[in-house]
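Position in the sequence shown (from 1) plus 6 gives the number in this note's numbering. Below is one structure, written out as structure tokens; comments come after it.
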Amino acid sequence: MSISLRPKHLQRYKDIASLALKYRSVDASAEAEASTTEPPRRPGVREVDPKAAELAADLERLGPTFVKFGQLLSTRGDLLPPAYLDALRRLQDKVEPFPFEEVEEIVQNELGVRISKAFSRFDREPIAAASLGQVHRAALRDGRPVAVKVQRPAIREQIIEDLEAFREIAQVLAGHTEVGKRFDVESMLEEFRKTLLKELDYRQEAQNMVAIGAALKTYEKIVVPQPVDDYTTTRVLTMDFITGAKVTALSPVTKLDIDGCALSEELFRAYLQQILVDGFFHADPHPGNVFLTQDGRIALLDLGMVARIAPTLRDQLLKLVIAVSEGQGEQAADQIEKIGERLESYDERELRRNVADLVGSVQHATLSELKMGQIVMELSRLAGECGVRIPPELTMLGKTLLHLDEIGRTLDPKFDPNASIRRNSTELLQQRMTQSLSPGNLFASLLEAREFVGKLPERVNKVLDLLSTNSLRLRVDAIDERELISGMQKIANRIALGLVLAALIVGAALLMQVPTPFRILGYPGLAMIFFLAAAAGGAALAGSIVLSDRKQSQKPPSAPSRSRLA
Numbered sequence: 007m008s009i010s011l012r013p014k015h016l017q018r019y020k021d022i023a024s025l026a027l028k029y030r031s032v033d034a035s036a037e038a039e040a041s042t043t044e045p046p047r048r049p050g051v052r053e054v055d056p057k058a059a060e061l062a063a064d065l066e067r068l069g070p071t072f073v074k075f076g077q078l079l080s081t082r083g084d085l086l087p088p089a090y091l092d093a094l095r096r097l098q099d100k101v102e103p104f105p106f107e108e109v110e111e112i113v114q115n116e117l118g119v120r121i122s123k124a125f126s127r128f129d130r131e132p133i134a135a136a137s138l139g140q141v142h143r144a145a146l147r148d149g150r151p152v153a154v155k156v157q158r159p160a161i162r163e164q165i166i167e168d169l170e171a172f173r174e175i176a177q178v179l180a181g182h183t184e185v186g187k188r189f190d191v192e193s194m195l196e197e198f199r200k201t202l203l204k205e206l207d208y209r210q211e212a213q214n215m216v217a218i219g220a221a222l223k224t225y226e227k228i229v230v231p232q233p234v235d236d237y238t239t240t241r242v243l244t245m246d247f248i249t250g251a252k253v254t255a256l257s258p259v260t261k262l263d264i265d266g267c268a269l270s271e272e273l274f275r276a277y278l279q280q281i282l283v284d285g286f287f288h289a290d291p292h293p294g295n296v297f298l299t300q301d302g303r304i305a306l307l308d309l310g311m312v313a314r315i316a317p318t319l320r321d322q323l324l325k326l327v328i329a330v331s332e333g334q335g336e337q338a339a340d341q342i343e344k345i346g347e348r349l350e351s352y353d354e355r356e357l358r359r360n361v362a363d364l365v366g367s368v369q370h371a372t373l374s375e376l377k378m379g380q381i382v383m384e385l386s387r388l389a390g391e392c393g394v395r396i397p398p399e400l401t402m403l404g405k406t407l408l409h410l411d412e413i414g415r416t417l418d419p420k421f422d423p424n425a426s427i428r429r430n431s432t433e434l435l436q437q438r439m440t441q442s443l444s445p446g447n448l449f450a451s452l453l454e455a456r457e458f459v460g461k462l463p464e465r466v467n468k469v470l471d472l473l474s475t476n477s478l479r480l481r482v483d484a485i486d487e488r489e490l491i492s493g494m495q496k497i498a499n500r501i502a503l504g505l506v507l508a509a510l511i512v513g514a515a516l517l518m519q520v521p522t523p524f525r526i527l528g529y530p531g532l533a534m535i536f537f538l539a540a541a542a543g544g545a546a547l548a549g550s551i552v553l554s555d556r557k558q559s560q561k562p563p564s565a566p567s568r569s570r571l572a
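This is the structure we're talking about:
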């Protein structure tokens, strides 16, 4: 793979190389090694690492692509120690807003009309600014209050340039380093590229808002703002304006006026349904994206980052979460093995022991130490250390649960995520079973049953015809009969030859005691002939065995066994 010499790429190579050199000693196994000399810490108890905070600051300084990449790394417990994961999870887009003149130009170009024609009000100062865009408060012509997210000028071009540089470095790492091959950096960067490009398309975020809003419509305490389709394009997103405050900014008086226990429970249950039942969930519910509305509901904002989980993996994740909440370490290890991909370095005994220790410690952790998301992230790290490559969906689940832990405890300091999972596990299982009985699945099963029933008479008639003519035969090709018989004959011949040689030796020993005028080398001649014949036969037998084994080892592997009915 050739490295591009474009000036922009060279600058990014320099930035990435500087980060790699500065933090080259950071390793996911660092904490594991330290734990051999330090007392083990319970899940959720973390110490602040100044160098980890410095890494987060460096990524923020390098721009939006690096900020987003840091957020991706925060889900990879197999790559970084927990202290670094904690620091990267707190990465925020702290950037200055861009001028209103550029906002006005982008909105007018995207919507095809002047701002004054589309909106009765459009505030010049943004209410929020991030690396990809900023949000302005506005109102439609009919007076409906809305929030308008406007993408930064030329941000798409900058990110595409950065992603190209990232891709080239990932290819070099994958082709020339053991780390690149072990962690499959090319696939990781490809997933990162797809996710980031989707975030740059505000139409995709609008679809996410509609889908998640529909999935959570039965939750009375949760609200998802809906987009205004006619005022939404790739670079402009117009949506309902939510009046409220960030969950982390609530005053103690406000917390006394709300039912924090009910809000925490409903939020946690809603996400469990999204993740483990629907398989489509908001993957970035950090406290800055969760508001408490004036009427006491929870509002989910910024739905640009979502994740999808296949049905089979969904079932496995549900079993894993339930096993952890119930303290069943063996079952949790089974699900880790099924979810992940085993590498050459896979150590089953080490994995099972570590998982059992971690899950067992959950049962003795205090409520303040118990963080379900931290436990899932720790499971991902342990799996990576034991040679199991974990899919990104599991680490995404861990990151999401971490945010929910923080939000839940902010609303209700006594919130217990494990107890919530146990309370809702029965309902989750029922929803999964009901989902499998959907009209689409039933229709597919009916089609398969129809095909089976349609061909059944023909197949039964064929079997009965073969029975009536005594032509039904069961042919089993599990082994090659000729080769088996030939091998048994060789064994029998070797045993027979061995018995003959043994008889010659015994006979020669007996003849040694019989006096006779015929002698060879001073010994009875007939006895010496028997001895020499036994020696020659033994040498021939040994040579035959060596040559036969060598030929057998050079043969290609036999075809897989099969059986058929004729």
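Backbone N, C-alpha and C fix where the C-beta goes; we use that ideal spot for every residue, glycine too. Bear in mind the structure is a predicted one, so any value in this text is a computation, not a measurement.
*For S431, three-class secondary structure by DSSP*: helix
(request) For D233, count neighbouring Cβ atoms within 10 angstroms of its own Cβ and tell me buried if that reaches 16, exposed if not. (result) One point to set straight first is that residue 233 is Pro, not Asp, in the sequence displayed. Buried: at least 16 other Cβ atoms inside 10 Å.
Note to self: Once the 5 residues before and after G531 are set aside, which same chain residues still bring their CB inside 7 angstroms of it?
What the structure shows: The residues T522, F524 and R525, in chain order, have a CB closer than 7 angstroms to that of G531 in the same chain once the five nearest residues on each side in sequence are set aside.
- request: Pick helix, strand or coil for S80, following the three-state DSSP scheme.
  value: coil
| request: For I396, collect the residues of the same chain with a Cβ closer than 6 angstroms to its Cβ; drop the 5 residues on either side in sequence, then sort them by chain order. | output: G346, S386 and A389
- Query: Would a C-beta distance cut-off of 8 angstroms place Q157 and I112 closer than the cut-off?
  - Reply: yes
Output the distance between the C-alpha atoms of V242 and E163, rounded to the nearest integer angstrom. 17 angstroms
Cβ-based neighbour list, S331, same chain, cut-off 7 angstroms, excluding 5 preceding and 5 following:
N424, I427 and R428
Quiz prompt | Closest Cα partner of E226 within the set L326, G302, T401 and R359 | solution = G302
message = At the level of alpha carbons, what is the spacing between S126 and Q114?
response = 14 angstroms
Buried or exposed for S35, going by 16 or more other Cβ atoms inside 10 Å? Because S35 sits at a pLDDT of 48, beneath the cut-off of 50, its placement in the model cannot be relied upon, and the following sentence gives the value as read from the coordinates. With fewer than 16 Cβ atoms within 10 Å of its Cβ, S35 is classed as exposed.
* Asked: Which value, in whole angstroms, describes the spacing of the CA atoms of A134 and E457?
  -> Roughly 58 angstroms between the two C-alpha positions.
Problem - I535 versus S550 - alpha carbon distance - result: 22 angstroms
Practice task
Tell me whether G549 sits in a helix, a strand or coil according to DSSP, three-state version.
Solution key: helix
* C-beta contact flag for E197 and P463 at 8 angstroms -> no
| query | DSSP beta-bridge partners for Q250? | reply | As written in the sequence, residue 250 is Gly, which differs from the Gln given in the question. The partner list for G250 (beta bridge, DSSP) reads T299.
- Residues in its own chain within less than 8 angstroms of T43 by CB, not counting five upstream and five downstream? Summary for T43: the model assigns pLDDT 35, below 50, so the residue's position carries little reliability; its value from the coordinates is reported in the next sentence. Within the same chain, T43 has no close Cβ partners at all.
Practice problem: Using beta-carbon positions only, say whether L273 and I228 come within less than 8 angstroms of one another. | Solution: yes
Item to complete: Mark H182 as exposed unless 16 or more other C-beta atoms lie within 10 angstroms of its C-beta, in which case mark it buried.
Response: exposed
Where the beta strand (DSSP E) through I281 begins and ends: Element bounds for I281: n/a, residue is neither H nor E.
Just to confirm my understanding: we take S270, look at its own chain, exclude 5 residues before and 5 after, and list those with CB closer than 6 angstroms. What are they? G414, L417, D418 and F421
>> Quick check on the DSSP output: the beta strand (DSSP E) that includes R150 runs from which residue to which?
In response: Note, R150: premise wrong, no beta strand (DSSP E); not H, not E.
Quick one: what's T244 bridged to in DSSP?
V154
Exercise. Quick one: what's got a C-beta closer than 6 angstroms to A362's C-beta in the same chain, skipping five residues either side?
Worked result: G335
field: Counted within 10 angstroms of its Cβ, other Cβ atoms place M245 as buried (16 or more) or exposed
entry: buried
| request: Under the assumption that L309 contacts M383 (Cβ atoms under 8 angstroms), give the Cβ distance between them as a whole number of angstroms. | output: In fact, because the Cβ distance is near 23 angstroms, the residues do not count as touching under 8 angstroms.
Taking only runs of the alpha helix (DSSP H) that begin and end inside the region 442-522, which ones reach a length of at least 4 residues, in chain order? Considered as a whole, the region 442-522 harbours 445-474 and 487-517 as its complete alpha helix (DSSP H) runs of no fewer than 4 residues, in chain order.
Between Q380 and L357, how many whole angstroms is the CB-CB distance? I'm expecting something under 8 angstroms. Actually they do not touch by this definition, with Cβ atoms about 19 angstroms apart.
Under three-state DSSP, which class holds G105? At residue 105 the sequence reads Pro, which differs from the Gly that was named. Correct three-state label for P105: coil.
field: Distance CB(I175)-CB(I281) smaller than 8 angstroms
entry: For I175 and I281, no; Cβs fall outside 8 angstroms.
If I follow the unbroken alpha helix (DSSP H) through D172, where does it start and stop? The question names Asp, but residue 172 in the sequence shown is Phe. Here the alpha helix (DSSP H) through F172 covers I161 to H182.
Open item on the list: Tell me which residues share the same chain as R191 and place their Cβ nearer than 7 angstroms to its Cβ, disregarding the 5 neighbours each side in the sequence.
Closed with: Residue identity check: residue 191 is Val in the sequence provided, not Arg. Hits under 7 angstroms: A176, L179 and A180.
L6 by DSSP, collapsed to three states: which one? In the structure as shown, the chain starts at 7 and stops at 572, and residue 6 therefore has no counterpart that could be examined.
- request: Please report the residue range of the beta strand (DSSP E) in which L385 lies.
  value: Note, L385: premise wrong, no beta strand (DSSP E); alpha helix (DSSP H) at M378 to E391.
Notebook entry, point to check: Thinking just about the alpha-carbon of each residue, which of S351, S477 and L505 is nearest to the one in K187?
Noted result: Among S351, S477 and L505, the Cα nearest to that of K187 is on S351.
Taking all protein chains shown into account, decide if R150 is buried (16 or more other Cβ within 10 angstroms of its Cβ) or exposed.
exposed
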